[in-house]
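Here the protein sequences line up with chains A and B, keeping their order.
For the first sequence, the working numbering begins at 1 and goes up steadily by one.
For the second sequence, the working numbering begins at 354 and goes up steadily by one.
For reference, the structure is listed below as structure tokens.
Number of protein chains: 2
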Amino acid sequence: MTEEPHTVADIARRPEHRYGNRPTMKDVAALAGVGLKTVSRVVNGEPGVTPDTERRVQDAIDTLGFRRNDSARVLRKGRTASVGLVLEDLADPFYGPLSRAVEEVARAHGALLINGSSAEDPDREQELALALCARRVDGLIVIPAGGDHRYLEPEIRAGVATVFVDRPAGRIEADTVLSDSFGGARTGVAHLIAHGHRRIGFIGDRPRIHTAAERLRGYRAAMEDAGLDVAEEWVSLGPTDPAGVTAAAVAMLSGQEPVTALFAGNNRVTVTVVRVLADLGRPVALVGFDDIELADLLGITVIAQDAAALGRTAAERLFRRLDGVEEPSATVVLGTRLIPRGSGEIPPPSDAV
Amino acid sequence: MTEEPHTVADIARRPEHRYGNRPTMKDVAALAGVGLKTVSRVVNGEPGVTPDTERRVQDAIDTLGFRRNDSARVLRKGRTASVGLVLEDLADPFYGPLSRAVEEVARAHGALLINGSSAEDPDREQELALALCARRVDGLIVIPAGGDHRYLEPEIRAGVATVFVDRPAGRIEADTVLSDSFGGARTGVAHLIAHGHRRIGFIGDRPRIHTAAERLRGYRAAMEDAGLDVAEEWVSLGPTDPAGVTAAAVAMLSGQEPVTALFAGNNRVTVTVVRVLADLGRPVALVGFDDIELADLLGITVIAQDAAALGRTAAERLFRRLDGVEEPSATVVLGTRLIPRGSGEIPPPSDAV
DNA sequence: CCCAGCTCTGACAACGTTGTCCAGGGCCTA
DNA sequence: TAGGCCCTGGACAACGTTGTCAGAGCTGGG
């Protein structure tokens with residue numbers, strides 16, 4: 001060492017230190033009476049330091065409350081050991097488990113997860129994803145809100161591993177993990193048809209959302225498979241706020257030829273529809289896409305997708321990329337599961353055709 | 354500029370560039386034929402650049418797909434414009450809205466939110482919080498899992514603004530935002546007593562969790578207010594996994610003198626208890642702490658706390674600190690609300706004392 | 001015609017860390 | 001005892017950005 005030792009008081013006295021007076025390795029080195037690099041070695045558990053020196057350094061670290069500045073470390077090393085997750089809304093119960101699953105995988109790989117909500121806004125998705133890239137996350141998992149992800153091309157080319165989940169990427173080729181929205185909806189609607197329904201309503205989200213379009217397609221396919229026509233007034237395509245869904249459901253359930261069954265396109269729609277049906281007083285069959293907490297108690301038949309499996313699969317794929325595995329990008333489609341709980345097995349009223 | 358222009362191909366040809374061949378400001382400067390600092394000025398929208406120069410720089414940026422490296426920026430500037438949130442479990446529906454509320458406030462202040470789950474493990478909470486500090490987050494919001502937060506003292510002294518939410522900090526003085534667990538539980542239990550119950554069970558979490566202890570205290574206070582004794586077998590203190598709660602509930606509901614009403618200490622407990630009661634076939638009164646989705650349809654009376662308000666309040670306090678407001682640390686307690694929906698208004702059976 | 005004052009630009013250092021490389025000292029062997 | 005080797009520790013550069021400062025070019029007034 002070349003300078004007189006720095007004490008805690010010395011450092012606290014520095015007038016305008018940027019990190020609010022944080023000690024650096026240099027301070028630790030000065031206090032311990034060793035060189036800068038020796039401190040680095042101790043901090044990183046590198047070999048080549050005698051136990052005695054190590055103890056002196058460790059004491060200095062504890063005395064000063066030193067913590068390594070990862071920004072500087074990242075700058076030097078080029079890897080941040082962090083991955084980003086851009087999702088639609090953390091408050092949506094579907095994304096909690098997904099995010100948690102990603103976090104667990106990241107943790108197992110020693111990486112930190114940074115996530116943000118796009119609020120279903122394409123601009124905000126882009127802003128967030130690029131902000132994460134500016135932070136130099138090693139990888140990115142995106143639940144697309146928008147339909148054009150070419151803005152990520154420079155990043156991907158620059159080496160940011162990227163995986164899309166729940167919805168496919170737009171106008172770009174990339175790894176993708178999806179639930180089988182088409183097949184799930186088709187199964188669910190076929191289930192209603194098998195229980196005798198002929199007039200079945202579909203309440204889903206705007207078709208610019210890929211899963212919503214796929215579920216609508218599944219609905220139409222099931223109807224067509226059974227040789228049934230679809231009246232336009234049986235189909236509602238968002239928005240899916242409670243008021244919109246309530247209005248749509250009420251419309252379908254009234255009039256000359258009301259639907260006798262409903263298929264709900266996602267968890268939020270299901271919840272609202274259940275409320276409408278509870279007020280209705282007349283039994284109407286219902287199958288919902290996505291499982292919901294307490295659905296078993298309410299006897300709601302659902303098409304369940306495994307949010308945690310989606311997140312886990314995507315994260316594992318991401319880390320395989322980060323581990324250097326080179327393979328062509330692929331799309332993985334995870335299956336869904338019909339869980340009959342009563343509401344989907346209600347027969348149509350006898351006076352219905 | 355002093356070097357020959359860098360082209361996209363030049364940069365791609367670099368053998369071992371650490372960020373997977375990312376262009377830097379130097380590259381942009383070389384391609385645009387300007388100095389380094391001019392690029393910096395353009396990127397940051399600083400004045401003093403002629404429109405013509407700015408256009409040349411912007412073109413080079415677009416051509417190369419340049420994105421500023423925020424790690425280097427942070428290192429230089431000392432502020433990261435990011436805050437960390439350490440919570441218990443992102444998959445818990447209570448924390449989704451809380452996290453989302455924090456994110457919204459952060460966004461409004463131009464900051465990014467980094468969050469992680471402690472899984473209710475004190476060691477993991479510490480590991481996560483310190484990892485966030487190493488990333489030099491400007492501020493930290495913590496939902497404590499452990500009871501000793503002295504490990505944060507050096508960080509706080511070094512200028513990391515810190516706010517605790519939902520549970521108080523242990524052995525350290527800091528800003529805290531809480532729900533009124535004691536008052537809420539007392540109100541809920543008093544509600545059951547007002548409806549005629551004398552033997553009331555309490556199923557909560559381990560008392561080392563502050564909210565759990567407070568709710569237990571509220572239960573005991575309400576019972577004492579009414580001059581009622583509490584039998585030890587009426588109180589279950591976790592764990593709150595479904596099996597444990599089911600066993601506890603079944604035990605309290607059987608025997609010579611079963612309880613006629615239950616108070617559930619949190620949302621997970623409530624859900625499990627509702628399942629048990631559904632299987633029981635006999636009406637038992639229930640009040641739960643925390644609101645749950647669909648609780649209205651199931652007619653569950655709850656003590657509701659506002660998770661989003663907790664998050665918002667904490668985040669606002671955090672950013673006031675970051676904006677330089679100096680004031681003594683304080684604890685804010687947010688009120689709870691009793692929402693009667695039926696289950697809490699069931700009277701005891703007539704043969705009960 | 002010259003210089004003051006402005007605008008625009010660029011050279012340079014610094015942020016805190018890690019990788020490279022070299023020096024010095026102790027120990028073993030011949 | 002001398003020479004070589006290994007082990008420990010330190011000096012220095014570099015990562016990509018921003019703040020400081022000074023210089024170049026231009027305009028306008030004296």
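Glycine residues also receive a C-beta, built at the ideal position from the N, C-alpha and C atoms.
Predicted model, so just to flag it, every value in this text is computed and none were measured.
Establish whether the CB of residue i and some CB of chain A are separated by less than 8 Å.
i, result
"D659/B", "no"
"L606/B", "no"
"S703/B", "no"
"R559/B", "no"
"A464/B", "no"
"A425/B", "yes"
"G618/B", "no"
DSSP three-state call for residue i: helix, strand or coil?
i, result
"A9/A", "Unreliable positioning characterises A9/A in this predicted model, as indicated by a pLDDT of 49, which lies under 50. The coordinate reading is nonetheless provided below. It is helical."
"I562/B", "coil"
"A169/A", "coil"
"L675/B", "helix"
"A617/B", "strand"
"V259/A", "coil"
"D175/A", "strand"
"A584/B", "coil"
"R690/B", "strand"
"S433/B", "One point to set straight first is that residue 433/B is Thr, not Ser, in the sequence displayed. Correct three-state label for T433/B: coil."
"V637/B", "coil"
"G492/B", "strand"
"S471/B", "coil"
"S236/A", "strand"
"A308/A", "helix"
"A514/B", "strand"
"I656/B", "strand"
"L569/B", "helix"
"L443/B", "coil"
Return yes when the C-beta of residue i is under 7 Å from any heavy atom of the ligand ZN, and no when it is not.
i, result
"D59/A", "Because no ligand of any kind appears in the structure shown, any question about the ligand ZN cannot be addressed here."
Identify the continuous alpha helix (DSSP H) that holds residue i and give its terminal residues.
i, result
"G536/B", "S534 to A547"
"T63/A", "P51 to L64"
"T599/B", "P595 to L606"
"L389/B", "L389 to V396"
"G449/B", "Y448 to A461"
"D296/A", "A295 to L298"
"D148/A", "No alpha helix (DSSP H) contains D148/A, which DSSP labels as neither H nor E."
Tell me the residue span of the beta strand (DSSP E) that contains residue i.
i, result
"V686/B", "T684 to L687"
"N620/B", "Per DSSP, N620/B belongs to no beta strand (DSSP E); it is in the alpha helix (DSSP H), N620 to L633."
"I200/A", "I200 to G204"
Quick one: measure Cβ to Cβ for residue i and residue j, integer angstroms, because I've assumed they're closer than 8 Å.
i, j, result
"V165/A", "L322/A", "Incorrect: roughly 16 Å between the Cβ atoms, too far for contact."
"V105/A", "L334/A", "That belief does not hold up - the Cβ atoms of V105/A and L334/A are roughly 15 Å apart, past 8 Å."
"T613/B", "R552/B", "5 Å"
"R341/A", "I300/A", "6 Å"
"L113/A", "E103/A", "5 Å"
"A249/A", "V273/A", "5 Å"
"P122/A", "L64/A", "So it is not a contact: roughly 47 Å between Cβ atoms."
"G346/B", "V439/B", "Examination of residue 346/B is not possible in this model, given that chain B is present from 354 through 706 alone."
Can you list the residues of chain B that residue i reaches, using a CB-CB cut of under 8 Å?
i, result
"E103/A", "L443, G469 and S470"
"E293/A", "P446, V624, I645, E646 and L647"
"R100/A", "D442, L443, A444 and S470"
For residue i, decide whether its Cβ has a neighbour in chain B, counting only Cβ atoms nearer than 8 Å.
i, result
"P242/A", "no"
"P340/A", "no"
"D10/A", "In this prediction, D10/A scores a pLDDT of 49, lower than 50, which makes its location untrustworthy; the coordinate-derived value is nonetheless stated afterwards. False, the Cβ-Cβ gap to chain B never drops below 8 Å."
"P283/A", "no"
Can you list the residues of chain A that residue i reaches, using a CB-CB cut of under 8 Å?
i, result
"N422/B", "L75, A134 and R136"
"L483/B", "R67"
Since residue i meets chain A, which of its residues come closer than 9 Å, beta carbon to beta carbon?
i, result
"V627/B", "L294 and L297"
"N374/B", "R157, A158 and G159"
"A527/B", "Those within 9 Å of A527/B in chain A number zero; the least Cβ separation is about 16 Å."
"P450/B", "L90 and A91"
Who are the neighbours of residue i on chain A, taking C-beta pairs under 7 Å?
i, result
"A631/B", "L297"
"P475/B", "Near P475/B there are no residues of chain A at all, since even the closest Cβ is about 16 Å away, more than 7 Å."
"G398/B", "In chain order: nothing, as chain A lies at least about 15 Å away."
"P404/B", "Ordered by position in chain A, no residue passes the 7 Å Cβ test against P404/B, which lies about 25 Å from the chain."
Residues of chain B with a CB under 7 Å from the CB of residue i: which are they?
i, result
"P239/A", "The contacting residues do not exist; P239/A stays about 19 Å from chain B at best."
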